[in-house]
Each structure stands twice: as structure tokens, then as C-alpha cells.
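Below is one structure, written out as C-alpha cells; comments come after it.
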Amino acid sequence: MSESARDLARRLLNSTGEAAPAKPQRPRRGPGRQFADHPEVAAMAHKRASIEAVYAQFGMPNPVFLTRESPNDTVIRWQGRELVNFGAYNYLGLGNHPKVVQAAKDTLDAYGASASASRIVAGEIPIYIELEQRLARMYDVGDALVTTSGYLTNAGVIGFLLRAGDVAICDALIHRSVVSGVQWAGARQLSFRHNDPESLRSVLRMARGNFDRALVVLEGHYSMDGTIGRIDELAAVAREFDCAVMVDEAHSLGVFGETGSGVREHFSMAGGEVDLWMGTLSKALGSCGGFIAGDADLIGAMKVSAPGVAMLSGGPAPSTIGAALAALDVLDAEPQRLTRLWSNAELFHTLLAARDIDLGVSERTPICPVLVPQEFRAGYVSARLLQHGIYAGAITAPAVPVGSERLRFFLTSEHTDDQLRHTADQVADAVEAARELPDLGGMN
Ligand SMILES: Cc1ncc(COP(=O)(O)O)c(C=O)c1O
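Under numbering that gives the first Met the number 0, the first residue of the sequence shown carries the number 0, and numbering increases by one thereafter.
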């Protein structure tokens, strides 16, 4: 065991050899604290204290809610230090690209800071429609609708489409926003094994007859594992059983396809092979907000009557739309960004694999998971990297199943070879040290 790991073990364990944190008392409700005994509130208060104690005892920085003082680039400033950053899904470096930032400023000048209304009531501006038409062309469908949030797009669209008596059949690794939508709709949710057409087929064979409408929900690029959705095969299976198909392109647009148009381009699919293409502006496009694209009548109906998607919700801030439009221009004008993104992903995976790091089921995409099972071990690796000037967040339950805790590295086109090589060495050291930590009693 290395010196630092032995030191941490000694500090974390009390004299009986059990983990130090005591079992939390059930908090009492009271005036202004009616949710004090909400399971998440109670658990979080205890968890926050024990995590703080662990990091403080070892003199390690707590990497959770890291507060940076710079744009979210490949190098960020934190507490006056510079960190090589793997925490941003700024895949093409567009979030701080001068043309994107300038376009946001110009739009701010032209239309003000806020839409100040829902679109149907004087909130409409021409650049919403310009962006929507551009996204519809990218996905080869009739129309698109831009929104203020990717999460709310999934929740609101599925909440609008499905009812009690309907079913959403989701990939086992589907994003939580889809689950929220199914709950919002009051529909049933079934799951099939991740990315497995045969599993989807057997679920549909067994269950399709029990429901009216059925929506198969997939992702183009799975955000925790870095796998590529087998959209073409899965959509074909869905069609055999008279199901609609919706694909979440959050981490796929600007990443997949020869021109960055996403998984549809990657698989050379026609837009109509999928009913709804959902995406976000907050990832490769370096902005904020979501979109939904598909048949023009369906999108038109959502525009006026899907609560939270456009209706009864303020329009997106104009500057976010200006930024996204400029990001699409840069994507077209600078295809070398995509090439660099993929060569960085390839290099980083190769470097880590050569150091025997567990990369799970990753497919060498720009999302690189480093599996470090157990929450405290993953947190330890993240904190130790931070001490060495590298930021990569630890991902723990409920975002991933217990036992598959990990660090997630987002690669971008802007990382340098030197940054990737140095990081791979540091990751190998930190993972090795984390392995040597003793089990912490009841602590995951
Ligand atoms: C797959 C997926 N869908 C939807 C969202 C929500 O998007 P937004 O951050 O734009 O709300 C995310 C966010 O991380 C995501 O990873």
C-alpha cells in the first residue's frame, strides 16, 4: 500500500476498524421544514457531512460543485490555479469560441436578455425559426422546435405524447429526463438490455399487445458509458411492432457523422426512420436549451399545446439561440475540429488501455468512462487528480448503478497530446492508490 493510501485508511477508520460516520438520526418535521424527513433531504445532509469529513481529514479538495472562475475550456481556473479539464461536454470547444461568444453578444444587443414572454404571446423572434429550420434540415425532417432545456424537452415531449394505457420502451441506460417524461405522462415504462435489438424484440413480443401507443426511446451516444446507440437496427425492430421511435441526440449532435450531424448521418439513415429526434444546445453547440425535430404537423401541435415545451413557458433567451446558430456555422466552416475530437478520443483510450485501466463498455468515443467501483474510491481518484491539476468528475449512484461508479472524461477537439499523456499517467497512479484503500465498513 502506498504511503498516501495507508494514511487515508488510518484517518478514515476509527479504532474499532469500522467506518467513522455514524448512522443518521431521522430528522423531525417542523414549521418551514416540512420536508426535513424527505428521504433525499435526510440522506443528503448526512452524506454531505461525511464526504466533507473524508476530504478534510485527508487534506484533499472536495471536487463536487467545483466552482471555476473561467470559461469551461480544456484549461479552467480554480482557486487561482489552472486545471486541465475533462468535465465539460464542450466537445468542439465552441462554448468559448470567439464567433459564438460574439454572436451571443450581438443577439443580446438586438433582442435583449430575455424573451420576456412565451412564444405564442409576443415572445417570437426570427432567429428561433432560423435555428429550427436549420436543425430540421440537419435531421432531414419537416420541422423542429427549440426550447429552454434539454431535460424539459424529453420530459415535456413524452409527457405530451403518451397517456395512461401507453408504454415507453427504453434502453436500460436511458437518461433520467426520459423517465421523468414517462412519469409525467402516467404511462408505463419497460426497459430492454442496453443497445440489444434481440432484447428489444423479446420485450415487444411479450408486451406490445397490452398497450395502445408504444414509444421506443434511445440515445445516439450514451452519456455515462460512451457507447454508440445502434439506432438503425433498434428502429427497424420497433417498426416491426408498430412502435414510434424517439432518439436523444444530446451527446451525438456535433460528435457523430462526417459533418457532425449526429447519429442519423453516422448510420446514413433517412430522417423519417425515426419519429422524433431530440437534442440539446448545451453540449457540442456550446449554448443552452433543447430541441425536438420531426413531422411538421406534430411539431406544430407541440408548439402550441405541449405544456413546458413551448406553451406556458418563456421562450429561450435570444443570446442562447444566437450562440447556437454561430456554433453551427463554425461546425460547417471548421471540420478539422471533428477530426481532432476523434483523434483525441482514440489517443486517450489507447493510453489508458495500455495502463490496464478499466474502460467498461466504452467504444473509444469522446466519452471515456474510467470505472472505479465504490463511491469513496471514485471520489478519492477525482480528488487526487484535482491535487495534481486535473479535473474529472466522479459519477456515482443514482446516475450509474451501485458498483459501477466511475470517473467520466469528456474529450474535446482542444485537448493537446501532452495534456492527454500527462493525464493518463496521473489516472493510472490514482486508480492504483484507490485500489489499495481498505473497505470502509458500510460506506459504498
Ligand atoms: C442524454 C441526455 N439527454 C438530455 C439531457 C438534458 O440536456 P440539458 O442539459 O440541455 O438539459 C442530458 C444532459 O446532460 C443528457 O445527457
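For every residue, glycine included, the Cβ atom is placed at its ideal position computed from N, Cα and C.
Name the residue from the options whose alpha carbon lies nearest to the alpha carbon of residue i.
| i | options | result |
| --- | --- | --- |
| Y90 | G58, S117 and W341 | W341 |
| A396 | M137, L384 and P372 | P372 |
| F347 | R376, L410 and R76 | L410 |
| S190 | A325, R204, S179 and L172 | L172 |
| A325 | A295, E362, L284 and D424 | L284 |
| Q425 | P97, A309, V40 and V83 | V83 |
| S117 | S312, R32 and I124 | S312 |
| R363 | S49, E413 and T226 | T226 |
| P196 | V246, A353 and A234 | A234 |
| A322 | S286, A332 and T349 | S286 |
| E131 | A427, K282 and M277 | M277 |
| A249 | G314, M223 and R136 | M223 |
| P62 | P70, V53 and S69 | V53 |
| N209 | C242, V236 and A184 | C242 |
| R136 | A423, F375, W183 and G271 | G271 |
| A87 | S281, A432, A332 and A398 | S281 |
| I298 | D274, G314 and G31 | D274 |
| T415 | V74, A114, R32 and M43 | V74 |
| A332 | L350, L370, R354 and T258 | T258 |
| D438 | F375, F408, D428 and V399 | F375 |
| S201 | G219, S176, Y221 and I168 | I168 |
| N213 | G253, S179, S198 and R162 | Per the sequence shown, the amino acid found at residue 213 is Ala instead of Asn. Among G253, S179, S198 and R162, the Cα nearest to that of A213 belongs to R162. |
| K98 | N343, L327 and S403 | L327 |
| R420 | A353, V303 and S361 | A353 |
| N153 | A44, Y390, S176 and R133 | S176 |
| Q418 | R133, A35, Y390 and S251 | Y390 |
| G79 | S251, E68 and D72 | E68 |
| F64 | H45, Q33 and W77 | W77 |
What does residue i pair with, by DSSP beta-bridge criteria?
| i | result |
| --- | --- |
| L217 | V246 |
| G166 | A small fix is needed here, since residue 166 is Val in this sequence, not Gly. Note: V166 sits in a beta bridge opposite R187 and A213. |
| R407 | P368 |
| F290 | V145 and G278 |
| M310 | P306 |
| A393 | L406 |
| L384 | According to DSSP, L384 bridges with nothing at all. |
| V462 | No information on residue 462 is available, as it lies outside the stretch 0 to 443 that the chain covers here. |
| I227 | H220 |
Return yes when the C-beta of residue i is under 8 Å from any heavy atom of ligand 1, and no when it is not.
| i | result |
| --- | --- |
| S452 | Limits of the chain in this structure are 0 at one end and 443 at the other, which puts residue 452 out of reach. |
| D247 | yes |
| G289 | yes |
| T279 | yes |
| Y90 | no |
| H193 | no |
| G149 | yes |
| E362 | no |
| H174 | yes |
| N153 | yes |
| K282 | yes |
| E218 | yes |
| H250 | yes |
Which whole-angstrom value describes the C-beta separation of residue i and residue j, a residue pair presumed to lie in contact below a C-beta threshold of 8 Å?
| i | j | result |
| --- | --- | --- |
| V430 | I366 | Actually they are not in contact, since the Cβ atoms of V430 and I366 sit about 18 Å apart, beyond 8 Å. |
| F240 | L203 | 4 Å |
| D165 | A186 | 4 Å |
| G392 | L406 | 7 Å |
| G92 | E413 | 4 Å |
| M301 | A295 | Not really, about 11 Å apart at Cβ, beyond 8 Å. |
| V329 | H96 | 6 Å |
| I157 | V120 | Between V120 and I157 the Cβ distance is about 25 Å, and since that is not below 8 Å, they are no contact. |
| A184 | V215 | Their Cβ separation, rounded to whole angstroms, is 15 Å, which puts A184 and V215 out of contact at 8 Å. |
| Y379 | A433 | 5 Å |
| G359 | L370 | 5 Å |
| A305 | F159 | 4 Å |
| D247 | H174 | 6 Å |
| P70 | G94 | 6 Å |
| F255 | G314 | Not quite, the Cβ-Cβ distance comes to about 29 Å (not below 8 Å), so this is no contact. |
| A269 | D139 | 6 Å |
| F408 | F57 | That belief does not hold up - the Cβ atoms of F408 and F57 are roughly 23 Å apart, past 8 Å. |
Should the stretch 254 to 267 be called in touch with the stretch 218 to 232, which here means at least 3 C-beta pairs below 8 Å?
yes
Could you tell me whether the stretch 286 to 295 touches the stretch 130 to 147, using the rule of 3 or more Cβ pairs below 8 Å?
yes
Say whether the stretch 104 to 116 touches the stretch 303 to 322, bearing in mind that this needs 3 or more beta-carbon pairs closer than 8 Å, one atom from each stretch.
yes
Within 8 Å, do at least three Cβ pairs link the stretch 329 to 344 to the stretch 382 to 393?
no
Would you say the stretch 121 to 131 touches the stretch 149 to 164, given that touching needs at least three Cβ pairs under 8 Å?
no
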